[in-house]
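Residue numbers (my numbering): 23 to 365.
Okay, structure first, notes after.
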């Protein structure tokens, strides 16, 4: 029987990236679509995964053999701070329904998407996979962080009690085409792209929240898509894997803003609103485990090549320019479940 891979949150940032990679890479290659695979990219319109009955109906409709679980209630730093209970409760319900329905229907493998916010606040850098549960997460997003941590705990419990092949990825900050470019509740790069677009259009200053000093590791969505495809096909350990560029490849928010200004050829004033919170200053994550395993599972010991940040950012800005009218620019509503990404 063919493999049926269900991607929850399939119309969001990472889901669209996986779909892009599958069709642009050569067929039957490491990242391209393979014979005997059927990929289903489900959106929130097909069912509210917070609801058990609707989750079961989605699984009954497609009968997946494998699941890449990306769906979540997500937002940027300020949404995480304002809606801690919603982030906790809704995401626990989503994850519980997807994992338990996968178990009940005999899904062979589930790869879930976590976030680097699961790591303890103040942990000695770099972040590594074995440090997730060493202390409480940062207070700014503890609702979302604890909900995501529970996925790792559930994966281990399902493995120990029922021998389920459930695992997870931990991406750092994701950016790319098809993101949510909301001005208030998006992640940092799409929010800044939209602000700069409007500043250029309206002849107003480009305002960046915070000091611009915090450092973040950004991973391009197409690169992340390849990692998810690799993990689904070639990694069967329950322990999660950090998906990221190198720990010394983080860049400041100020540099991000500078590159966005350059990509838009924006000539106006750039302001930093220092009354807004910066969040954590730096949380470098190690990709050592990922690179080692990708190399070990490669026939020719090839290294994974990440898209240079400036190239990926320019591509994202160009996509937003070309697709402004249809891009997601509205607030993430309480009833909307979108693709998971990190803050």
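Ideal Cβ placement from N, Cα and C applies to all residues, glycine included.
These numbers come from a predicted model, not from an experiment.
Here the alpha carbons of residue 182 and residue 54 stand approximately 32 angstroms from one another.
Between the stretch 66-76 and the stretch 273-285 there are fewer than three inter-stretch CB-CB distances shorter than 8 angstroms, so the stretches are not counted as touching. Using a C-beta cut-off of 8 angstroms, the stretch 298-312 makes contact with the stretch 259-267, since at least three inter-stretch Cβ pairs fall below that distance. In the structure shown, residue 212 adopts helical secondary structure according to DSSP, grouped into three states.
Of the candidates 170, 131, 277, 114, the residue whose Cα lies closest to the Cα of residue 141 is 170.
If you draw a 10 Å sphere on the C-beta of residue 117, you find 16 or more other C-beta atoms in it, and that means buried. The stretch 209-227 makes contact with the stretch 190-200; the number of CB pairs closer than 8 angstroms reaches 3 or more.
Residue 145 and residue 156 have their C-alpha atoms roughly 8 angstroms apart. Taking a contact to require three or more Cβ pairs closer than 8 angstroms, the stretch 60-73 and the stretch 107-123 qualify as touching. In this structure the stretch 325-339 lies against the stretch 230-250, because at least three pairs of beta carbons, one per stretch, are closer than 8 angstroms. DSSP lists 229 as the beta-bridge partner residues of residue 293.
Contact between residue 85 and residue 29 fails: their C-beta atoms lie close to 15 angstroms from each other, not under 8 angstroms. Ranked by Cα distance from residue 304, the options 273, 254, 96 are led by 273. Look at residue 218 here: in three-state DSSP terms it is helix. When the Cα atoms are used, residue 202 and residue 174 turn out to be separated by approximately 26 angstroms.
In summary, residue 23 is exposed, with fewer than 16 beta-carbon neighbours lying within 10 Å of its beta-carbon over all protein chains present. Restricting attention to 301, 64, 288, the CA atom closest to the CA of residue 237 is found in 301.
Taking C-alpha positions only, residue 270 is separated from residue 121 by approximately 35 angstroms.
Of the residues 91, 88, 64, 94, the one whose Cα lies closest to the Cα of residue 80 is 64. Across the structure, residue 348 and residue 35 are spaced so that their CA atoms are roughly 14 angstroms apart. Cβ-Cβ separation between residue 190 and residue 262: approximately 4 angstroms, consistent with a contact (criterion under 8 angstroms). Looking at the DSSP output, residue 25 shares a beta bridge with 59. Taking residue 222 as the centre and dropping the five residues before and after it, the same chain places the C-beta of 286, 288 closer than 6 angstroms to its C-beta, in chain order. Annotated three-state conformation of residue 175 is helix, per DSSP.
Your pair residue 87 and residue 129 checks out as a contact, with CB atoms roughly 6 angstroms apart and the cut at 8 angstroms.
Between residue 200 and the set 47, 338, 91, the nearest pair of CA atoms involves 338.
In summary, residue 345 is exposed, with fewer than 16 beta-carbon neighbours lying within 10 Å of its beta-carbon over all protein chains present. Nearest to residue 255 by alpha-carbon distance, out of 335, 315, 228, is 315. 7 angstroms or more divides the Cβ of residue 298 from the Cβ of residue 234.
Nearest to residue 152 by C-alpha distance, out of 51, 215, 260, is 260. Straight-line measurement puts the Cα of residue 224 at about 37 angstroms from the Cα of residue 136.
No residue range can be given for residue 129, since it is assigned to no alpha helix (DSSP H) and is classified by DSSP as neither H nor E. Contact between residue 342 and residue 292 fails: their C-beta atoms lie close to 18 angstroms from each other, not under 8 angstroms.
In summary, residue 32 is buried, with 16 or more beta-carbon neighbours lying within 10 Å of its beta-carbon over all protein chains present. In chain order, 50 place their CB closer than 7 angstroms to the CB of residue 57, counting only its own chain and leaving out the 5 sequence neighbours on each side. Listed as beta-bridge partners of residue 313 by DSSP are no residues whatsoever.
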